[in-house]
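Using my numbering, you'd call the opening residue of the sequence shown number 4 and step up by one each time.
Every residue gets a Cβ at the ideal spot worked out from N, C-alpha and C, and that includes glycine.
This structure is a prediction, so every number in the text was calculated from the model and none was measured.
The next block holds one structure in the form of C-alpha cells; read it before the comments.
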Amino acid sequence: MTYPETLGPLALVSSHATAMAYGELTADFNPIHCDPDFAAKSPFGRAICHGTMGLNLAIEAAERALAPAYAVRDVKIRFSRPAPVGETLTAGATLTDAATGTYALWVELPDGTRTTEGTLTAEPAP
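Put into C-alpha cells, the structure is as follows:
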C-alpha cells in the first residue's frame, strides 16, 4: 500500500461561537479564548483560538485522508504562533518519509502563518 502524498487541507472558520463551543467541549473557558474584552487587554490584543482546536482540525484532516487503510499512530507538535479568533484555520500534512509513513503536519492562517507544526506518523490499519 502507498501512503497519500497529502492529508487535507481541511479548514475551519473560527468565531466567538466556535471558541465558546470548543470551551464547552473541553471545559476550557480561559478568558484568553472566550472573553473578547479580557483578551483585548492581553499581550495578544484579541481572543485567540484554543491551540488544541487547530490540532484537532489537523487530526481530522489526517483521519479523513487516511481511513480506512491507515491509522494515525503518533503525533508530535508545537504551537508556534497564536491563531486569532475570527480567522480561518487550515490544516494539512505532506508526506516526508514513505517508508515510515511520516508527514509534516501544519495548521496555518490565510496569510500562510503557521500556528501549529510537527509530525504525524501513520501505519496500516489493523
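Determine whether the beta carbon atoms of residue i and residue j lie at a separation below 9 Å.
i    : j   : result
G95  : A61 : yes
T119 : L58 : yes
L123 : D77 : yes
Going by Cα to Cα distance, which pick from the options is closest to residue i?
i    : options              : result
A14  : T103, F41, G89, E8   : G89
A125 : T103, T97, P34       : T103
L28  : R81, D40, F47, H53   : H53
R81  : L108, G48, R67, A42  : L108
Y6   : Y106, A43, P39, G121 : Y106
Within a Cβ cutoff of 8 Å, which residues of the same chain sit near residue i, ignoring the five residues on either side of it in sequence?
i    : result
A20  : none
P127 : M4, A72, Y73, A74
S18  : V88, G89
S45  : I35
E8   : T97, L98
A2   : Outside the shown range of the chain (4 to 129) lies residue 2, about which nothing can therefore be said.
Near residue i, what residues of its chain come up, given a Cβ to Cβ distance below 6 Å and the 5 sequence neighbours on each side ignored?
i   : result
F41 : P34
Contained beta strand (DSSP E) runs [length at least 3] in the segment 14-98, N- to C-terminal order:
Correct list: 73-82.
Inter-stretch contact (C-beta, 8 Å, three-pair minimum) for the segment 14-24 and the segment 77-92:
At 8 Å Cβ cutoff, the stretches touch.
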